[in-house]
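J.: Residue 0 is where the sequence shown starts when you use numbering that gives the first Met the number 0, and the numbers rise one by one after that.
We put the CB at the ideal spot given by N, CA and C, even for glycine.
Since this is a predicted model, take the numbers as computed values, not measurements.
The structure that follows is given in the form of structure tokens.
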Amino acid sequence: MTHHPGAPLKNPRAPRPGADAAHSRLLTAAARLAETGAAHRLVVGILRGAGARDREQTHALRGHLAAHGITSRDLGPLPPEPDHRGTQPFPRPRVHLLLHDGDFRPLQALRLAAQWQLPLLSPYLPPGEEETGTVFRARRRAVMAAWRPGEARDIAVHRLTVYPVLPGAGRLSLDLDGEPLLPPAGAAAHLTLTPDGRLALRLGDDPRHRTADRIVCRAGSADFRLDLDGTHTTRLTGPLRVEALPGRLHLITP
0 MTHHPGAPLK NPRAPRPGAD AAHSRLLTAA ARLAETGAAH RLVVGILRGA
50 GARDREQTHA LRGHLAAHGI TSRDLGPLPP EPDHRGTQPF PRPRVHLLLH
100 DGDFRPLQAL RLAAQWQLPL LSPYLPPGEE ETGTVFRARR RAVMAAWRPG
150 EARDIAVHRL TVYPVLPGAG RLSLDLDGEP LLPPAGAAAH LTLTPDGRLA
200 LRLGDDPRHR TADRIVCRAG SADFRLDLDG THTTRLTGPL RVEALPGRLH
250 LITP
């Protein structure tokens, strides 16, 4: 079993309110998985936090899965942020389903599930979703893929922003499905997803948006940076290609 190092924690992380309830829901969901005919062929990968409490809960969850005849693997702590060197944080695991308690870096768990194209069982609700009360609710969601020449694709689940390091400086050059667009000087490009899985582009403080399936962003002489789901990343060098991937994230709520 391979464990992957996570970022060191300076202080112990206190569990969020409801974390024990979320863990209990995962245990119940695991039992329901065991009732399916394919349970004996299922290998479950557990994404967790880096603290002692996370290790203890993962150990208990694996024991619960084993008692129901389900093989599981501890995939180690989630990495602190998307990898921006053009490689994935760690290779795609040999599992059929991912489990995450929704407590520790939940957006990163969703990003990895979409990157690996593996279903994710988690009580976490992505931004924009509300609790429906449906048990074992499965659905597919669109995500955004972003990459630069020679690099692997990275994933944004909720939003992607290209912004100037110095407010008001520089200018982006955009291409929307082959149509060139020159935003105002110093305007940031804010990208989200429409309900039907297309890219929605908003420029600067303008509330209006344009839709597209693929967008290419190029920075001029000024420095621009990329933000994925609230994580600030490296400066933009070369053309950044952004594409909507409808149905890429397979999410299951226990």
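Could you say if the segment 244 to 252 and the segment 111 to 123 meet the contact criterion of at least three C-beta pairs nearer than 8 Å?
T.: yes
J.: Applying the criterion that 16 or more other CB atoms from any shown protein chain within 10 Å of the CB defines a buried residue, is F135 buried or exposed?
T.: exposed
J.: Return the bridge partner residues of L244 from the DSSP annotation.
T.: V142
J.: Can you give the Cα-Cα distance for L173 and P92, rounded to whole angstroms?
T.: 36 Å
J.: Within the same chain, show all residues whose beta-carbon is closer than 8 Å to that of L200, passing over the 5 residues directly before and after it, in chain order.
T.: L173, L175, A188, H189, L190, H208, R209, T210, A211 and I214
J.: Answer yes or no: do G254 and R24 have a C-beta to C-beta separation smaller than 8 Å?
T.: No answer is possible for residue 254: it lies beyond the span of the chain, which begins at 0 and ends at 253.
J.: Taking the C-alpha atoms as reference points, what is the distance between G229 and R158?
T.: For G229 and R158, the distance between alpha carbons rounds to 8 Å.
J.: List the whole-angstrom C-beta distance separating V94 from V42, where the pair is believed to meet the contact cut-off of C-beta under 8 Å.
T.: 5 Å
J.: In the DSSP output, which residue or residues are listed as bridge partners for G44?
T.: According to DSSP, which records beta bridges pairwise, G44 is partnered with R72 and L97.
J.: Check S23 in the structure and name its three-state DSSP category.
T.: helix
J.: Would you say A221 and L180 are within 8 Å of each other, going by their C-beta atoms?
T.: no
J.: The alpha helix (DSSP H) spanning A184 covers which residue range?
T.: No alpha helix (DSSP H) contains A184, which DSSP labels as neither H nor E.
J.: R84 to R234, Cα distance in whole Å?
T.: Because R84 carries a pLDDT of 48, less than 50, the predicted location of this residue cannot be relied on, and no value is offered for it.
J.: Rounded to whole angstroms, what is the Cα-Cα separation between A65 and E55?
T.: 15 Å
J.: Does the Cβ-Cβ distance between C216 and P183 come in under 8 Å?
T.: no
J.: Please list, in chain order, all residues of the same chain as G169 whose beta carbon is under 8 Å from its beta carbon, the five residues on each side excluded.
T.: If we look at G169 and ignore the five residues flanking it on each side, its Cβ neighbours are P163, A184, G185, A218, G219, S220, A221, D222 and F223.
J.: Less than 8 Å between the beta carbons of P253 and T27, yes or no?
T.: yes
J.: Look at L171 and A243 and say whether their C-beta atoms are less than 8 Å apart.
T.: The beta carbons of L171 and A243 sit no closer together than 8 Å.
J.: Is the Cβ-Cβ distance between L77 and Q107 less than 8 Å?
T.: yes
J.: At what residues does the alpha helix (DSSP H) containing T301 begin and finish?
T.: In the structure as shown, the chain starts at 0 and stops at 253, and residue 301 therefore has no counterpart that could be examined.
J.: On a CA-only basis, which of E150, H67, G127 and G167 is nearest V156? Give me that one, please.
T.: G127
J.: Rounded to whole angstroms, what's the CA-CA distance from R110 to H231? Just pull it up for me.
T.: 15 Å
J.: Could you tell me the alpha carbon to alpha carbon distance between L46 and T236, rounded to whole angstroms?
T.: The C-alpha of T236 is placed about 32 Å away from the C-alpha of L46.
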